[in-house]
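Letter 7 of the sequence shown, counting from 1, is numbered 37 in our numbering, and no numbers are missing.
Working notes for the structure below.
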Amino acid sequence: MLSVGRDADPSGLGPLPANVEAHRHVPQPAVLAHTDVFVTHAGMNSTMEALAAAVPMVAVPHTPEQRPRPAGRHRHRGARARHAAGRP
């Protein structure tokens with residue numbers, strides 16, 4: 031399941047694989063209750079919701095305000111963070 035945000039049209043993504051759904055908005059806590067892993071931009075709300083649901087995250091920050099701190103923020107909450115290159 032993919033949430034593209036209120037300003038994007040999911041149909042603009044073109045054809046998607048049969049096992050992929052795209053929506054402008056999804057009730058994230060409800061979705062997290064039924065997932066095994068969460069790919070996230072590492073925003074504070076998303077991070078806190080995933081931690082509360084005990085769902086492992088793949089954090090892919092994409093704005094400057096998210097880049098400097100996500101790994102430290104996750105470590106602070108007791109999660110393990112690894113860089114893409116495999117360095118802790």
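Glycine is no exception: its CB is placed at the ideal position from the N, C-alpha and C atoms.
The model shown is predicted, which means the values in this text are computed figures rather than measured ones.
Check: For ALA84 and PRO59, the rounded distance between their alpha carbons; Outcome: 11 Å
Check: Straight-line Cα distance separating SER76 from THR65; Outcome: 14 Å
Check: DSSP state of PRO47 mapped onto helix, strand, coil; Outcome: coil
Check: For MET74, the first and last residue of its enclosing alpha helix (DSSP H); Outcome: 74–83
Check: Three-state secondary structure assigned by DSSP to ALA89; Outcome: strand
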